[in-house]
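Report on the following structure.
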């Protein structure tokens, strides 16, 4: 599949092309991609809850995504992958999780000092730049920042590729970067953020604790993409990790809300039954990174979290609008290039805001419910690239 046409970039008053500012931080040098079927979730429940609520001291990054049809997908750091491997030692071999042998560097990507970017703007520009460089990526959007995962052998090439397109503001001091402005809808200008000094990019890049880049072929372009619009309404929430202890109870409640046998019943922790596909579609995503917890929840779960916000007077950041998920079907390999770019560019060029979520077996694009029909129409117009059902 050919890559999308280049996105327009800004120009200075004198007519010269200006580069978009992008704040980049190496959030975690080595992440591991893990997956297991939903029917085995009960055997992993205790382990997953410990990784969520009581992580190892040196843990830095964790994502958990569960859907009815696609099972469980995790991105975990070195500390947590060690716990997972130890936890599987007592399990039968057929219940062992699948762990991708490639380790992934996690780049935290935020809007730079000039502002003016929306969620879709950042996803589309960054993913297209890396696609043009032949670099395969995983992408995770949250309310305040984005994370791009590239294979460790490709991380230096990815950074050099980004440097050609953007004015990179690189921070790698072992501490969290200053937060970029909160996300805004497409077309809404952003105020300038408090950005640290730019420093020497190459010197900073050389300090990255990543594996030596291998002479490896570029990834292969994606073929035609099959998409499915899910019916469920979703909400996005961001919570400061200071409130994790308070949220432990509702999070455990969401985790154990496992309908079975189509009856909508709840599977208790001590149940001996396997977890089966629920009558209602399930979509639950949890990201622990950079001192905050980011959640993607259905309407009922969102209402329960809001009740805790009122009860305990927590600070909760949330998008007040409903979102719809577009599911990317197909068996995509880890070396596929341009999948994120193809979808995000099509939506961005149509003025549609989006969040992107990559998992082990599926990708999901979240669009505002009010823009769902427009998103479907725009994707259908590109029938040579997308097949929508």
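Residue numbers (the numbering used here): 0 to 388. A virtual CB, placed ideally from N, CA and C, is assigned to each residue, including glycine.
Rounded to whole angstroms, the Cβ separation of residue 343 and residue 122 is 4 Å, and the two are in contact under 8 Å. Looking at the DSSP output, residue 97 bridges to 34. For the pair residue 376 and residue 314, the CB atoms are not nearer than the 8 Å cut-off. The beta carbon of residue 307 is closer than 6 Å to those of 249 in its chain, skipping five residues each way along the sequence.
Taking a contact as a CB-CB distance under 8 Å, the pair residue 166 and residue 19 counts as one, their CB atoms being some 7 Å apart. Excluding residues up to 5 positions away in sequence, 0, 223, 224 and 341 lie with their Cβ nearer than 7 Å to the Cβ of residue 384 in the same chain. 303 is the residue among 303, 289, 226 and 244 whose C-alpha sits nearest the C-alpha of residue 253.
The DSSP-derived three-state label of residue 223 is coil. Residue 251 and residue 348 have their C-alpha atoms some 40 Å from each other.
Put simply, the backbone Cα of residue 29 is about 17 Å away from that of residue 170. For residue 62, the closest of 56, 372, 159 and 141 by C-alpha to C-alpha distance is 141.
Sequence-distant partners of residue 291 (beyond 5 residues in either direction) whose C-beta falls short of 8 Å from its own C-beta, in its chain, are 141, 143, 237, 238, 239 and 240. By the Cβ test, the segment 95-109 is not in contact with the segment 316-325, since fewer than three Cβ pairs between them sit closer than 8 Å. No Cβ-Cβ contact shorter than 8 Å links residue 69 with residue 281. The Cβ atoms of residue 50 and residue 82 lie closer than 8 Å to each other.
Between residue 118 and residue 352 a beta carbon distance of about 5 Å is seen, short of the 8 Å cut, so the two are scored as contacting.
Remark: C-beta atoms of residue 137 and residue 97 do not approach each other more closely than 8 Å. For residue 95 and residue 163, the gap between their C-alpha atoms comes out near 42 Å.
Taking C-beta separations shorter than 7 Å and ignoring five residues to either side along the sequence, the partners of residue 379 in its chain run 387, following chain order. Residue 139 places its beta carbon less than 8 Å from that of residue 356. Of the residues 41, 54 and 245, the one whose Cα lies closest to the Cα of residue 310 is 245. In the DSSP assignment, residue 148 falls within the beta strand (DSSP E) that extends over 145-150. In the three-state reduction of the DSSP assignment, residue 142 falls in the coil class, being assigned neither a helical nor a strand state.
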